[in-house]
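Colleague:
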Amino acid sequence: MMEYGRKSGKIFTVACLTIIFVFFAAVMCRVATRQLVVKKLGIMNNITAAIFWDASKLNQLENQQKEGDSREKNVTVDWMTKYPFQVAGWSNGKLISKYEGKVASVKKKIGDYTGEFFPGRLLFSRATEKQNALLQWKYGKGRSEDNMDVLFMRNGYLTYVQPRESEVSIKEIGDSLADFKAWLAEKNIPLLYVNAGSKVNPDDKQLTAWDMLSEYTNENGDALQEYLVTKGVDYIDMRQEMKQAGLDWYAAYYKVDHHWTTETGMWAAGVIAEKLNKDYGFAFDKAFFDRNNYTADTYAWKGGQWRSAHAISDYDCPREAYTYYLPDFPTLFSVEIPTRSIQWQGEYQDTLINMPKVMESREYSETDLMHKPDAYNINATWHNDDVGIFKNLMPVDNHKKLLVLQDSFGFYLTTYLSCDVQEVHVLHLLKFDGSLRAYIEGIKPDMVIVLYCARNIKKINWATHKSAFDFR
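The numbering used here runs 63 ahead of the 1-based position in the sequence shown.
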């Protein structure tokens with residue numbers, strides 16, 4: 064009987080492995096045939112027609128990807144050549160970057176064909192949802208770029224797993240900030256670090272005792288700030304600022320997205336402006352951070368964490384309010400984003416907010432919400448691009464140039480700051496692979512701000528020069 068059980072187990076294992084092998088073989092066949100046989104060689108016959116029986120739908124999906132915003136066109140910028148490193152040992156950096164680009168391109172193609180381009184994708188998705196509902200599966204695999212897992216909070220909010228960083232890693236990050244500060248000080252450029260915090264309230268975590276063992280954004284933030292005090296690096300802790308301002312913590316964030324709301328971003332911009340006025344000689348007008356001086360428009364949407372959870376579980380929720388703000392005061396900007404060939408000039412709503420994307424996202428159906436970028440991530444013109452340059456063409460009191468090294472928590476925050484300063488450069492160091500210091504020597508900013516949510520407090524990968532706290 065036991066021998067029979069072993070044989071059954073082996074047969075089951077072999078069957079599962081065979082199914083997996085056939086699945087990936089079929090995907091690779093479609094990718095190779097589409098890219099080489101059809102597109103490169105132009106061969107269309109009965110065999111290729113059978114492989115692409117869904118050709119009309121596939122062509123439509125591919126065209127949608129290519130078209131995007133007609134005002135934009137993705138281009139590759141060789142940042143390493145434009146802003147070369149002076150540090151020894153980086154001679155192979157450009158070669159590594161090229162290989163990374165090739166790998167990323169192949170990965171994206173395979174991802175497309177196993178996801179959005181997979182025949183019957185929605186049918187499989189619905190079947191998976193029903194299966195997980197029967198199993199009462201409540202732990203969703205995240206679809207973030209870091210492949211983080213989703214945690215379901217007791218108040219109905221979602222957050223991500225965040226490992227605890229080691230003491231060695233925290234000190235390494237702190238030392239990198241301190242070294243960067245010292246280098247900037249030689250050029251009379253001050254540095255301010257802003258901990259944008261996290262969705263989890265340190266005083267009211269709303270997590271089970273088990274899930275608390277998987278979420279350490281606040282602990283990592285506390286450890287880094289304690290170390291920065293010993294290194295003399297100035298910082299703002301937005302968590303403490305939120306408490307002092309009496310903000311409703313969870314209302315300041317989206318329920319099913321890890322970002323703070325656009326309203327909270329405007330408030331946080333005002334906190335930073337006040338700090339710059341007090342300690343760094345700026346002259347921001349508080350009126351630029353007052354919601355009463357903006358026209359608000361709200362519509363319903365679902366954020367990225369909902370997709371992460373809903374993709375493999377029965378978790379669902381109603382749409383929640385997303386609000387964008389357009390200034391009631393006169394504005395005129397020029398915006399440049401090199402990697403998307405953007406060179407726009409006009410009012411706030413024509414430049415810093417991507418109004419065509421706003422209007423598109425307002426019309427998303429329930430099916431679209433699962434597979435389209437959400438409102439927060441697409442409605443800002445700059446969204447984790449390598450470089451963005453915002454020039455204010457209106458008269459301002461702050462005749463200064465800001466450089467902000469930021470993640471997605473700065474999408475809208477930076478646009479509010481831009482309303483009352485002459486020039487703002489924003490960089491995303493997880494994509495910008497040139498020398499940050501060479502860039503700084505080129506633009507000569509009056510101030511550098513490092514603004515990250517606590518999820519980006521993680522070990523520096525010095526080999527790629529694509530880490531949030533690598534300031535070389």
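All C-beta atoms, glycine included, are put in the ideal place defined by N, C-alpha and C.
Just curious, the beta strand (DSSP E) that V257 is in, first and last residue?
Modeller: In the sequence shown, counting from the first residue as 1, residue 257 sits at position 194. Unbroken beta strand (DSSP E) run through V257: 254-258.
Colleague: Considering P390, what are the terminal residues of the beta strand (DSSP E) in which it resides?
Modeller: In the sequence shown, counting from the first residue as 1, residue 390 sits at position 327. From DSSP, the beta strand (DSSP E) with P390 extends over 383-390.
Colleague: Given a cut-off of 8 Å, decide if Y220 and Y313 are closer than it, judged by their beta-carbon atoms.
Modeller: Within the sequence shown, the letter at position 250 stands for residue 313. Within the sequence shown, the letter at position 157 stands for residue 220. Cβ distance < 8 Å, so Y313 and Y220 count as in contact.
Colleague: Contact check, E486 vs N440 under 8 Å by CB: the rounded distance?
Modeller: As a position in the sequence shown, residue 486 is number 423, starting the count at 1. As a position in the sequence shown, residue 440 is number 377, starting the count at 1. Going by Cβ atoms, the distance from E486 to N440 rounds to 25 Å, so no, they are not a contact pair.
Colleague: Leaving out the 5 sequence neighbours to the left and right, which residues in its chain are closer than 8 Å to N356 when beta-carbon positions are compared?
Modeller: One-based indexing of the sequence shown puts residue 356 at position 293. Hits under 8 Å: A350, P390, D391, F392.
Colleague: Looking at the unbroken beta strand (DSSP E) that takes in Y357, where does it start and where does it end?
Modeller: By 1-based counting over the sequence shown, the position of residue 357 is 294. Here the beta strand (DSSP E) through Y357 covers 357-364.
Colleague: Would you kindly report the start and end of the unbroken alpha helix (DSSP H) that includes I236?
Modeller: Against the sequence shown, residue 236 aligns to sequence position 173. Where I236 is concerned, the enclosing alpha helix (DSSP H) stretches over 230-248.
Colleague: Quick one: any contact between the region 326-336 and the region 472-484, if contact means 3 or more CB pairs under 8 Å?
Modeller: yes
Colleague: With DSSP run on the structure shown, which of helix, strand or coil describes F472?
Modeller: Position 409 of the sequence shown holds residue 472. In this structure, DSSP gives F472 a helical state, which the three-state scheme calls helix.
Colleague: Just mark L514 as buried or exposed, buried being the case when its beta carbon has 16 or more other beta carbons within 10 Å.
Modeller: Taking the sequence shown and counting its residues from 1, one reaches residue 514 at position 451. Looking at its Cβ environment, which holds 16 or more other Cβ atoms inside 10 Å, L514 is buried.
Colleague: Quick one: is V138 buried, meaning 16 or more other Cβ sit within 10 Å of its Cβ, or exposed?
Modeller: As a position in the sequence shown, residue 138 is number 75, starting the count at 1. With fewer than 16 Cβ atoms within 10 Å of its Cβ, V138 is classed as exposed.
Colleague: Going straight from the alpha carbon of Q303 to that of F75, what length do you get?
Modeller: Taking the first residue of the sequence shown as position 1, residue 303 is located at position 240. Taking the first residue of the sequence shown as position 1, residue 75 is located at position 12. Roughly 55 Å between the two C-alpha positions.
Colleague: Pick helix, strand or coil for I523, following the three-state DSSP scheme.
Modeller: Sequence index remark: in the sequence shown, residue 523 carries index 460 (1-based). I523: coil per DSSP, three-state reduction.
Colleague: On the CB-based measure, 16 or more other CB atoms within 10 Å of its CB, does K341 come out buried or exposed?
Modeller: Within the sequence shown, the letter at position 278 stands for residue 341. Exposure of K341 is indicated by the presence of fewer than 16 other C-beta atoms within 10 angstroms of its C-beta.
Colleague: Report the three-state DSSP secondary structure of M457 (helix, strand or coil).
Modeller: Residue numbering aside, residue 457 sits at position 394 when the sequence shown is read from its first letter. Coil at M457, not helix or strand.
Colleague: Starting from the Cα of Y449, find the closest Cα among T81, A272, S498, K318 and give me that residue.
Modeller: As a working mapping, residue 449 is identified with position 386 in the sequence shown. Residue identity differs from the one stated: residue 449 is Asp in this sequence, not Tyr. For D449, the nearest C-alpha among the options comes from S498.
Colleague: Measure the C-alpha to C-alpha separation of M329 and A241 and round it to an integer number of angstroms.
Modeller: Within the sequence shown, numbered from 1, the residue matching residue 329 stands at position 266. Within the sequence shown, numbered from 1, the residue matching residue 241 stands at position 178. For the pair M329 and A241, the Cα-to-Cα distance works out to about 28 Å.
Colleague: Tell me whether W323 is buried or exposed, calling it buried when 16 or more other Cβ atoms sit within 10 Å of its Cβ.
Modeller: Along the sequence shown, read from residue 1 onward, the residue named residue 323 stands at position 260. Classification of W323: buried, given that the 10 Å Cβ count is 16 or more.
Colleague: Round the Cβ separation of M510 and Y343 to the nearest angstrom and send it over; I've been treating them as touching at under 8 Å.
Modeller: As a first step, residue 510 is located in the sequence shown; it is residue number 447 there, counting from the start. As a first step, residue 343 is located in the sequence shown; it is residue number 280 there, counting from the start. Going by Cβ atoms, the distance from M510 to Y343 rounds to 6 Å, so yes, they are a contact pair.
Colleague: Thinking C-beta only, is A443 closer than 8 Å to Y475?
Modeller: For this step, residue 475 is matched to residue 412 along the sequence shown. For this step, residue 443 is matched to residue 380 along the sequence shown. It is a contact, given that the beta carbons lie within the stated cut-off.
Colleague: Do the CB positions of V617 and L254 come within less than 8 Å of each other?
Modeller: As shown, the chain starts at 64 and ends at 535. That puts residue 617 outside it, with no answer to give.
Colleague: My assumption, with CB atoms under 8 Å, is that W364 sits in contact with R382. Please give the rounded CB distance.
Modeller: Start at 1 with the first residue of the sequence shown, and residue 364 comes out as number 301. Start at 1 with the first residue of the sequence shown, and residue 382 comes out as number 319. Contact holds; Cβ gap of about 6 Å.
Colleague: Name the DSSP beta bridge partners of H488, please?
Modeller: For the purposes of this step, residue 488 is taken as residue 425 along the sequence shown, with counting starting at 1. For H488, which the question treats as bridged, DSSP gives the partners I452, L466.
Colleague: What span of residues does the beta strand (DSSP E) with E399 cover, start to end?
Modeller: Against the sequence shown, residue 399 aligns to sequence position 336. Run containing E399: 396-400, per the beta strand (DSSP E) assignment.
Colleague: Under 8 Å: do the region 221-236 and the region 263-280 share three or more Cβ pairs, one atom per stretch?
Modeller: By the Cβ test, the region 221-236 is in contact with the region 263-280, since at least three Cβ pairs between them sit closer than 8 Å.
Colleague: To the nearest angstrom, how far is it from the Cα of K294 to the Cα of D238?
Modeller: Position 231 of the sequence shown holds residue 294. Position 175 of the sequence shown holds residue 238. Computed Cα separation, rounded: 8 Å.
Colleague: With a cut-off of 8 Å on the beta carbons, I'd call T386 and T325 a contact; round off their distance for me.
Modeller: Taking the sequence shown and counting its residues from 1, one reaches residue 386 at position 323. Taking the sequence shown and counting its residues from 1, one reaches residue 325 at position 262. So it is a contact: roughly 6 Å between Cβ atoms.
Colleague: By the three-class DSSP mapping on this structure, what secondary structure does M510 have?
Modeller: Numbered from its first residue, the sequence shown carries residue 510 at position 447. M510: strand per DSSP, three-state reduction.
Colleague: Round the Cβ separation of A384 and T361 to the nearest angstrom and send it over; I've been treating them as touching at under 8 Å.
Modeller: By one-based count along the sequence shown, residue 384 stands at place 321. By one-based count along the sequence shown, residue 361 stands at place 298. A384 to T361, Cβ: 5 Å. Contact.
Colleague: Where does F532 land, buried or exposed, given buried means 16+ other C-beta within 10 angstroms?
Modeller: For the purposes of this step, residue 532 is identified with residue 469 of the sequence shown, where counting begins at 1. It is buried - the Cβ of F532 has at least 16 other Cβ atoms within 10 Å.
Colleague: Could you tell me the alpha carbon to alpha carbon distance between L432 and A245, rounded to whole angstroms?
Modeller: In the sequence shown, residue 432 corresponds to position 369, counting from 1. In the sequence shown, residue 245 corresponds to position 182, counting from 1. Cα to Cα, L432 sits roughly 46 Å from A245.
Colleague: Considering G614, what are the terminal residues of the alpha helix (DSSP H) in which it resides?
Modeller: Look at the range of the chain in this structure, 64 to 535, and you will see that residue 614 is not part of it.
Colleague: Quick check on DSSP: helix, strand or coil for G367?
Modeller: Reading the sequence shown from its first residue, position 304 is the one you call residue 367. Helix at G367.
Colleague: If we count Cβ pairs, one from each stretch, closer than 8 Å, do we get three or more for the region 516-524 versus the region 227-237?
Modeller: yes
Colleague: Roughly how many whole angstroms lie between the Cα atoms of K420 and K136?
Modeller: Taking the sequence shown and counting its residues from 1, the one referred to as residue 420 is at position 357. Taking the sequence shown and counting its residues from 1, the one referred to as residue 136 is at position 73. Approximately 15 Å, taken between the alpha carbons.
Colleague: Pull up the distance between the alpha-carbon of N210 and that of L493, whole angstroms please.
Modeller: Looking up residue 210 in the sequence shown gives position 147. Looking up residue 493 in the sequence shown gives position 430. Only weak support is given to the placement of N210: the predicted model assigns it a pLDDT of 41, under 50, and the question is left unresolved by the model.
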